[in-house]
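In the UniProt record's numbering, the protein residues as written are 1 to 594.
These notes are about the structure you will find just below.
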């Protein structure tokens, strides 16, 4: 089975993690079926991939303050003297602070907002009205909604029609919440008002006649509505229900694409709580389990061709869901550039990275939007790092998109992106430096410094820095680094160039003793492949080895006695059936003792 097969048989499951969905099935030495991720991990480490802490969804940890930032959570009331810290910088270059201590939005009249903004005429706007103006170029309506949701009457219509319909929608902003509320009943009343405005049209769909993973989708609208409610536990439960029922084990269902327009509208509404959870859900609705496709992304071009040929209904739900999310790319891109919440920005970047077809325009494309986030030094380090990772994933998708079916080589010019990533890999912020290094390795264009940055990342994990906010890898930076190195070795094991071997061996000479085993093992994989030697191999003559094999052996054997001992480099030779002792290996390779 190869990577082009998007849906595996439901009867097949990984013997380690029990997933039924993977782009590539593998086997261990005993013939047990493994998914792509577990199989790669076993090949690199010789042990089963741990499932502890796997995909810890919906815990929504609070955003940690970064060590280098003086950011403090803004209060709901802000004075005129404090406005300069929070008002949007790109519309206030000539802004004169008002002297009055009492400020109000010129549109909705509210005096409470975390961020004050301005329109082109200098009128003061609250955050919600300001974002609406930036997104749509017009005044945000109060107690009204610009356009009702239009949901396709027949979900089996073409994806292009679905996308066209959604493109006519304008992401709304909740209104009617500007007056002061004094009781829980008032809060609920105002939330109900906002919900009816943003989710207008949701009750017009016959959800009971639609299906999700466990049957009728009758409860789906109540779960979507719960995402706007103030109670955290109810919101978390709703997200979990939507995840489990709409994208069960990576597969999408009849009800899935119908929910996406409403989720996009909630995600782009500044008053929706925990929008990052909705954005994370949208990633899954678009691509299933994203871990199946990282770091090389989905070959969207080939996917579209397969759908056109097969017409398989189970694939169409996946495909329609992907295109339904894609229809919201312009709004998500605007949210990335204008929202003040760093976690929202990070998840916007990751979501946008899955849509390379919207990154190839000349102006206002996704790639340029991501570079804007990266180049703006005022952003959180974790947000910039997330944007850098998104550039890497998006570039991988562009490589696929520009690879003609009859041509093995992509026509996409990766060189400009590579050069910028190399520069960023020397950034003073460890999160950003690591993200650029990972992107270079995942794109198969690593530098020796990028390799060193990845294998040495554990040294940079200080308590004072925020790594959890790096999307999607921040909660397991070390594991993600290992998977990147492993993936690089797997992809290049049979086609290793002298240049790539140079990079790995240069990194081996630079790394610490603790990381030397991983880099040396990568060099051996590139030189010898993954084939296991026979049970009782005979020691080959050194001159019978090819040039890359000789170079890898000599480089590892030249390690100092301390590095050899501390890294356990003898294990690399033992696994290949070679001599184990450093002195013997050096004599075999013709290296004179110092």
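All C-beta atoms, glycine included, are put in the ideal place defined by N, C-alpha and C.
Exercise. Taking 8 Å as the cut-off, decide whether the C-beta atoms of residue 501 and residue 526 are in contact.
Key: Residue 526 is positioned such that its CB atom lies closer than 8 Å to that of residue 501.
Quiz item: For the 8 Å Cβ check, are there 3 or more pairs between the segment 199-211 and the segment 248-257?
Solution: The segment 199-211 vs the segment 248-257: in contact.
Quiz item: Are residue 437 and residue 414 touching if we call contact CB-CB under 8 Å?
Solution: no
Self-check item: Bridge partner(s) assigned by DSSP for residue 26
Solution: 34
Quiz item: Grouping DSSP H, G and I as helix and E and B as strand, with all else coil, what is residue 282?
Solution: helix
Quiz item: What residues match up with residue 117 in a beta bridge as DSSP calls it?
Solution: Note: residue 117 sits in a beta bridge opposite 125.
Quiz item: residue 183 to residue 452, Cα distance in whole Å?
Solution: In this prediction, residue 183 scores a pLDDT of 44, lower than 50, which makes its location untrustworthy; the coordinate-derived value is nonetheless stated afterwards. Computed Cα separation, rounded: 56 Å.
Practice problem: With distances taken Cα to Cα, identify the nearest neighbour of residue 301 among 351, 469 and 399. | Solution: 399
Practice problem: Would you check if the distance between the CB atom of residue 336 and the CB atom of residue 369 is smaller than 8 Å? | Solution: yes
Quiz item: I think residue 386 touches residue 471, with their Cβ atoms under 8 Å apart; what is that distance to the nearest whole Å?
Solution: Between the beta-carbon of residue 386 and that of residue 471 there is about 4 Å, and that keeps the pair under the 8 Å contact cut.
Quiz item: Quick one: does residue 294 have its CB under 8 Å from some CB of chain B?
Solution: Within the model displayed, chain B is absent; a lone protein chain is all it includes.
Quiz item: Where residue 330 and residue 546 are concerned, what is the direct C-alpha to C-alpha distance, given to the nearest angstrom?
Solution: Cα to Cα, residue 330 sits roughly 52 Å from residue 546.
Exercise. Kindly list the residues whose CB is nearer than 8 Å to the CB of residue 342, restricted to its own chain and excluding five residues on each side of it in sequence; keep chain order.
Key: Excluding sequence neighbours, residue 342 sits near 63, 379, 380, 382, 383 and 469.
Quiz item: Which term fits residue 585, buried or exposed, when burial requires 16 or more other beta carbons within 10 angstroms of its beta carbon?
Solution: buried
Practice problem: Thinking residue 107 and residue 125 are a contact (beta carbons under 8 Å), I'd like their distance in whole angstroms, please. | Solution: Correct: roughly 6 Å between the Cβ atoms.
Quiz item: Per DSSP, what kind of secondary structure is residue 397 in: helix, strand or coil?
Solution: helix
Quiz item: How many whole angstroms separate the CB atoms of residue 580 and residue 574, which I take to be in contact at a CB cut-off of 8 Å?
Solution: 5 Å
Exercise. Helix, strand or coil for residue 487, going by three-state DSSP, please let me know.
Key: In the displayed model, residue 487 falls within a helix according to three-state DSSP.
Practice problem: Spatial neighbours of residue 266 within its chain, please: CB distance less than 8 Å, with the 5 preceding and 5 following residues excluded, ordered by chain position. | Solution: 198, 199, 224, 227, 228, 272, 275 and 278
Exercise. Measure the Cβ-Cβ separation of residue 247 and residue 284 and say whether it is below 8 Å.
Key: Residue 247 is a Cβ neighbour of residue 284, given a cutoff of 8 Å.
Quiz item: Which residue from 567, 572, 13 and 19 puts its Cα closest to that of residue 290?
Solution: Cα-wise, what sits closest to residue 290 is 19.
Practice problem: Measure the beta-carbon distance from residue 26 to residue 39 and round it to whole angstroms, keeping in mind my assumption that it falls under 8 Å. | Solution: 3 Å
Exercise. Throw me the rounded Cβ distance for the residue 591 and residue 558 pair, which I believe falls under 8 Å.
Key: Between residue 558 and residue 591 the Cβ distance is about 6 Å, and since that is below 8 Å, they are a contact.
Quiz item: Which ranges does the alpha helix (DSSP H) cover as unbroken runs of at least 4 residues, wholly within the segment 547-590, from first to last along the chain?
Solution: Correct list: 547-557, 561-567, 570-575 and 582-588.
Quiz prompt | Limits of the alpha helix (DSSP H) - the one that residue 605 falls within | solution = Given that the chain is displayed from residue 1 to residue 594, the structure contains no residue 605 and the question cannot be resolved.
Practice problem: Starting from residue 262, trace the alpha helix (DSSP H) both ways and give me its first and last residue. | Solution: 256-267 is the extent of the alpha helix (DSSP H) around residue 262.
Quiz item: Should residue 563 be labelled buried (16 or more other beta-carbon atoms within 10 Å of its own) or exposed?
Solution: Of the residues assessed, residue 563 falls on the buried side of the cut-off, its CB having 16 or more other CB atoms within 10 angstroms.
Quiz item: For the segment 307-335, which segments carrying the alpha helix (DSSP H) assignment without a break, of at least 4 residues, lie completely within its bounds, in sequence order?
Solution: 313-326
Exercise. Rank 367, 466 and 443 by C-alpha distance to the C-alpha of residue 487 and give the top, closest one.
Key: 443
Quiz item: Does DSSP put residue 513 in a helix, in a strand, or in coil?
Solution: helix
Quiz item: When the Cα of residue 340 is compared with those of 127, 280, 402 and 257, which residue comes out closest?
Solution: 127
Practice problem: Determine the burial state of residue 282: buried for a count of at least 16 other Cβ atoms within 10 Å of its Cβ, exposed for fewer. | Solution: buried
Self-check item: Beta bridge counterpart(s) of residue 379 as assigned by DSSP
Solution: Paired residue(s): none; residue 379 is not in a bridge.
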